[in-house]
Amino acid sequence: MKTFTRTVFLLLMAAASAVSAKTIEMDVNGLVCAFCAQGIEKTLKSFDATAEVYVSLENRIVAVALKDGAELTDEELTKAITDSGYAVVAIRRSDATLQAIRDRVSREADDE
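Numbers -21 to -1, 1 to 91, taken from mature numbering (1 follows the signal peptide of the UniProt record, and there is no 0), label the letters of the sequence shown in order.
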C-alpha cells in the first residue's frame, strides 16, 4: 500500500509540474531607470522558485524564469512588485524561455 500511495503521489507531482509554466511575464508600470530594474531583479530573485529575471525598461516587461517544479502565484508576484512601488498591469504564463522573450522584445524594438 505504501508503494502504491508513493507511486500515485509521484505521478501527481510529475503531472502538476508538466502543467505549470516555466516563465511568468508581467507588464509593469513605474519602471523608469536602471535602479528600478535592479530593485525588481533583487526582489524577485529572493524567491526560492526564481531561476532568472529579465527586466525591459523600454517595454515595461518583467519576466521570471522558474526553477523546475517551482511555482509562484500571481498574488505573490503582485505583492512583491507593488510593495516595491510599481503597478502590475498584466500577468502571462508561458513555456517560453527568457531568451525567447528577450529576442521578441528586441525584434519589437527594431520594428518601431
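From the three backbone atoms N, C-alpha and C, an ideal C-beta is built for every residue, glycine too.
Look at the alpha carbon of residue i and the alpha carbon of residue j, and state the distance between them as a whole number of angstroms.
| i | j | result |
| --- | --- | --- |
| Q78 | A49 | 19 angstroms |
| D90 | I19 | 27 angstroms |
| E54 | T76 | 22 angstroms |
| G64 | K21 | 14 angstroms |
| L36 | R83 | 14 angstroms |
| A88 | N38 | 8 angstroms |
Using only CA atoms, which one of the options lies nearest to residue i?
| i | options | result |
| --- | --- | --- |
| T2 | L10, C12, I60, I70 | I70 |
| A66 | A28, I40, Q17 | I40 |
How would you call residue i, buried or exposed, if buried means at least 16 neighbouring beta carbons within 10 angstroms?
| i | result |
| --- | --- |
| T44 | Residue 44 is actually Ala in this sequence, not Thr. The residue is buried, with at least 16 neighbouring Cβ atoms inside 10 Å. |
| S73 | exposed |
| V7 | buried |
| V68 | exposed |
| S25 | exposed |
Answer yes or no: do residue i and residue j have a C-beta to C-beta separation smaller than 8 angstroms?
| i | j | result |
| --- | --- | --- |
| A59 | L23 | yes |
| A42 | E4 | yes |
| R81 | Y33 | yes |
| A16 | L51 | no |
In chain order, each alpha helix (DSSP H) run of at least 4 residues that lies wholly inside the segment 15 to 83: The segment 15 to 83 is shown to contain whole alpha helix (DSSP H) runs of 4 or more residues at 53 to 62, in chain order.
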